[in-house]
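In what follows, a structure is listed as structure tokens, so that the remarks can point back to it.
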Amino acid sequence: MSELTFNQVDQTVLNSLKPPGKSYWALIALLFAGVLMGASCWLYQIFVGVGVAGMNNPVAWGTYLINFVFWVGIAHSGTLISAILHLFRAGWRNPIARAAETMTVFAVCTAGLFPFIHLGRAWMVYFMLPFPNQRNLWPNFQSPLMFDVVAISTYLTVSSLFWYTGMLPDLAIVRDNATGFRKKVFTVLSMGWTGRFEQWRHYTRGYLFFAALATPLVISVHSVVSWDFALGVVPGWHTTIFAPYFVAGAIHSGLAMVITLMIPLRRIFGYQQIITIHVLEAVAKTIVFTGLIVGFAYGTEFFIAWYSHNPLEQYIFAWRPTGDYAVGFWIMAICNTMIPLLYLFKKVRTNIAALFIISLVVNVGMWYERFVIIITSVARDFIPHNWGLFSPSLVEYGIMIGSFSLFFFLFCLFVKHMPAVSMTEVKEMLE
Amino acid sequence: MPTDKRLMGLFKDPDQVIEALKAFKASTWSVVRVHGPIPNHKIAHALDLPKSKVGYFTLAGGIIGFFFGFFFAAYNSIQWELIVSGKPVVALVPFFIVGFEFTILFSVFGNVIGLINVGGLPDYEGLAEYDPRCSGDHYGITVAYAPDSEEELRRFFQERGAEISDFSVRPQTV
């Protein structure tokens with residue numbers, strides 16, 4: 001990395017913005033087909049009713065809420081990398097900060113769709129908006145669901161502004177190397193940025209404040225998401241550990257997604273000298289750390305269930321690893337806590353294939369974590385005659401595939417048309 | 432001696448920029464602005480740039496945001512005075528959370544307004560006296576000079592290893 005010159009950094013990133021080939025457009029078409037499939041399933045659900053989903057009584061929160069929590073979680077490591085590690089002056093975050101922040105914005109956009117989908121009658125969303133309608137119906141801000149509306153909207157707005165502000169100097173680099181219509185577009189987008197020290201003076205200060213504000217926000221957002229569950233008196237949900245447990249889990253899954261995205265990105269665009277193996281190793285080490293926190297949280301849940309002498313809590317935690325959803329539980333436990341420990345070995349951390357495969361495994365494990373939390377608790381709550389099981393319907397699978405397609409579709413469009421690596425921050429690292 | 436004429440010296444090494452800035456302080460030429468591909472504390476220090484005032488906008492946004500969020504939630508609750516879970520109609524703890532989120536949101540709005548306001552963005556006119564190499568790997572010092580000192584200024588830059596970028600006559604836009 002230190003052998004790179006400023007010019008080489010610019011050229012490497014600018015080369016990635018050259019007109020794409022057929023394989024790129026084929027991938028975009030495939031992802032767009034996935035988006036269309038998801039959209040069709042949602043439209044079908046709107047016309048027929050939310051009953052086409054597998055949700056039932058008692059499992060009224062199904063894959064839509066699982067995917068909502070999953071995507072909000074994915075979003076979190078972007079802010080960890082761009083804001084928290086910026087405050088800690090961790091230089092290794094510079095080459096991946098932009099892509100991680102992009103991941104945040106698109107993951108929050110994807111997550112934000114699920115409450116609408118889950119509503120069934122999506123147009124009823126205005127019930128959550130405070131305005132004096134004919135029924136004098138005002139939202140109740142004592143509900144964690146209303147905290148969620150405020151927190152997720154704030155997170156999306158703040159992340160988008162942070163992302164765009166961070167891009168200004170890079171947009172100016174693209175402008176200065178572009179011609180014709182493209183130059184005009186990037187001139188507008190870069191807001192006339194010229195790198196005057198008068199501009200840098202305000203920019204660095206403003207960027208620091210962005211990072212300082214995004215840090216408590218990111219922690220609060222997933223805490224609020226956890227309170228959607230923890231503030232209910234359902235066994236398995238009603239626990240004070242949920243907020244830190246969710247935040248750690250979110251960062252765990254997000255970091256895994258960062259590796260999942262960075263490995264193809266560096267290979268396709270030739271970023272190996274910028275996103276070095278040292279950077280990926282640093283992410284892998286952080287995954288070991290978050291994996292240990294998540295494992296500790298899993299253990300604590302079981303300990304508290306036993307220690308509380310609450311038979312309902314004890315039952316649910318005995319049922320999770322042995323009952324109908326035991327497979328999901330063990331996928332969660334093994335994929336999130338044991339397999340990431342392989343990253344302790346340098347040989348694994350420096351092997352690209354191993355890094356990539358383990359990151360995928362953690363992603364799967366974290367999806368199952370949300371499945372286990374959300375489904376098992378309501379499937380076996382207080383009244384045995386009200387117990388029931390849940391399995392997703394085809395419509396839910398379609399919407400889930402659609403959400404993954406949408407995320408990767410937006411990400412692929414971004415990395416080919418905008419600078420996916422922050423040239424300015426990489427140069428700062430070289431200085 | 433400020434005039435309408437401008438010349439930009441382009442350096443690759445920030446230390447050369449700092450040396451040149453020190454020399455300009457002792458000269459009759461006036462430095463109009465300095466451009467760079469990345470921020471540099473030493474150059475900022477050599478330019479005697481004061482601390483940015485963006486933070487005041489951020490702070491103002493945060494204070495407004497907290498009170499707005501808290502009282503907004505309370506106002507909603509008062510419209511429909513329903514006691515939920517035995518909590519008071521104006522419940523401090525839950526409304527504090529709403530206040531917190533709005534604090535962050537409005538702080539960020541204040542931050543952006545501050546950047547636009549004191550940072551002078553957007554600044555499309557600034558592109559007229561700008562060299563695209565400054566976003567790549569060069570630092571540019573733009574200097575105003577009297578017509579009779581042009582040769583001397585060119586020599587000054589060249590002696591310090593700078594390339595020269597010439598601008599036509601433009602109004603001063605410091």
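Chains A and B, in that order, give the protein sequences. Take the first sequence: its position 170, counted from the start at 1, is 170 in this note's numbering, and no numbers get skipped. Just add 431 to the spot in the second sequence (first one is 1) and you have this note's numbering. We put the beta carbon where it would ideally sit given N, CA and C, even for glycine.
* Decide if the segment 148-164 of chain A is in contact with the segment 390-402 of chain A; the criterion is three or more beta carbon pairs, one per stretch, under 8 Å apart. => Not touching, per the Cβ criterion.
* Counting only beta-carbon atoms, is aspartate 597 of chain B nearer than 8 Å to chain A? -> no
* Kindly indicate which three-state DSSP category tyrosine 576 of chain B falls into: helix, strand or coil? => strand
* To do: Using a Cβ-Cβ cut-off of 8 Å, state whether tryptophan 200 of chain A counts as contacting chain B.
  => So yes, tryptophan 200 of chain A belongs to the interface.
* **Within 8 Å, strictly: CB atoms of leucine 441 of chain B and alanine 593 of chain B** => In this structure, leucine 441 of chain B lies near alanine 593 of chain B, with their beta-carbon atoms less than 8 Å apart.
* Asked: Does any residue of chain B bring its CB to less than 8 Å from the CB of leucine 341 of chain A?
  -> no
* To do: Any chance you could list the beta strand (DSSP E) runs of at least 3 consecutive residues sitting entirely within the segment 475-532 of chain B, in chain order?
  => none
* Name, please, each residue of chain A whose Cβ falls closer than 7 Å to the Cβ of tryptophan 460 of chain B. => Those do not exist, as tryptophan 460 of chain B stays about 17 Å from chain A at its closest Cβ, beyond 7 Å.
* Asked: Would you say leucine 441 of chain B reaches chain A, if we count a Cβ-Cβ gap shorter than 8 Å as a contact?
  -> no
* Beta-carbon spacing of valine 485 of chain B, histidine 252 of chain A below 8 Å -> No, Cβ-Cβ distance for valine 485 of chain B and histidine 252 of chain A is not below 8 Å.
* Does the distance from the C-beta atom of alanine 29 of chain A to that of alanine 75 of chain A stay below 8 Å? -> no
* isoleucine 595 of chain B in three-state terms, based on DSSP -> In this structure, DSSP gives isoleucine 595 of chain B an extended state, which the three-state scheme calls strand.
* Asked: Counting only beta-carbon atoms, is tryptophan 138 of chain A nearer than 8 Å to chain B?
  -> It does: the Cβ of tryptophan 138 of chain A has a partner Cβ on chain B nearer than 8 Å.
* Asked: Is it a yes or a no for the segment 52-59 of chain A touching the segment 381-399 of chain A, going by three-plus beta-carbon pairs under 8 Å?
  -> Touching, per the Cβ criterion.
* So is glutamine 618 of chain B in contact with chain A if we call contact Cβ pairs under 8 Å? -> Since the first residue shown for chain B is 432 and the last is 605, residue 618 of chain B is missing from the structure and cannot be characterised.
* **CB contact flag (leucine 572 of chain B, alanine 451 of chain B, <8 Å)** => According to the sequence shown, residue 572 of chain B is isoleucine rather than leucine. In contact: isoleucine 572 of chain B and alanine 451 of chain B (Cβ atoms closer than 8 Å).
* Beta-carbon contacts of tyrosine 315 of chain A that lie in its chain and below 6 Å, excluding the five residues immediately before and after -> none
* Kindly list the residues whose CB is nearer than 6 Å to the CB of phenylalanine 141 of chain A, restricted to its own chain and excluding five residues on each side of it in sequence; keep chain order. => none
* Asked: In chain A, which residues lie less than 7 Å from leucine 449 of chain B when you measure between Cβ atoms?
  -> Looking at the sequence itself, residue 449 of chain B is isoleucine, so the reference to leucine does not match. The premise fails here: isoleucine 449 of chain B is roughly 12 Å from chain A at the closest Cβ pair, so nothing lies under 7 Å.
* To do: Tell whether a beta-carbon distance below 8 Å holds between histidine 238 of chain A and alanine 230 of chain A.
  => yes
* Tell me, to the nearest whole angstrom, how far the beta carbon of glycine 192 of chain A is from that of aspartate 554 of chain B; I am working on the premise that it is less than 8 Å. => 4 Å
* **Distance, valine 515 of chain B Cα to glutamate 101 of chain A Cα** => 39 Å
* Asked: Do alanine 284 of chain A and arginine 349 of chain A have their C-beta atoms within less than 8 Å of each other?
  -> yes
* Using a threshold of 8 Å, state whether the C-beta atoms of leucine 430 of chain A and leucine 168 of chain A are closer than that. => no
* Identify the contact partners of serine 538 of chain B in chain A, using a Cβ-Cβ distance below 7 Å as the criterion. => Leu213
* Please check if any C-beta of chain A sits within less than 8 Å of the C-beta of glycine 567 of chain B. => yes
* Is the shortest distance between the beta-carbon of isoleucine 173 of chain A and the beta-carbons of chain B less than 8 Å? -> yes
* **Contact with chain A by leucine 452 of chain B, beta-carbon distance below 8 Å** => no
* Answer yes or no: does any C-beta atom of chain B fall closer than 8 Å to that of glutamate 431 of chain A? => At least one chain B Cβ lies under 8 Å of glutamate 431 of chain A.
* Asked: Below 8 Å between beta carbons: does that hold for methionine 103 of chain A and leucine 360 of chain A?
  -> Between methionine 103 of chain A and leucine 360 of chain A, the C-beta gap is not smaller than 8 Å, which leaves the two residues out of contact.
* To do: Using alpha carbons as the reference points, say which of A:Gly388, A:Thr187, A:Phe317 lies closest to leucine 552 of chain B.
  => A:Thr187
* **Where the beta strand (DSSP E) containing arginine 464 of chain B begins and where it ends** => 461-466
* Can we say the segment 5-15 of chain A touches the segment 263-278 of chain A, given the rule of at least three CB pairs closer than 8 Å? -> yes
* To do: Determine the DSSP secondary structure at phenylalanine 442 of chain B, reduced to helix, strand or coil.
  => strand
* CB-CB under 8 Å to threonine 240 of chain A, same chain, minus the five flanking residues each way: which ones, in chain order? -> Ala230
* So which of A:Ile117, A:Trp163, A:Gly270, A:His118 has the shortest CA-CA distance to alanine 83 of chain A? -> A:Trp163
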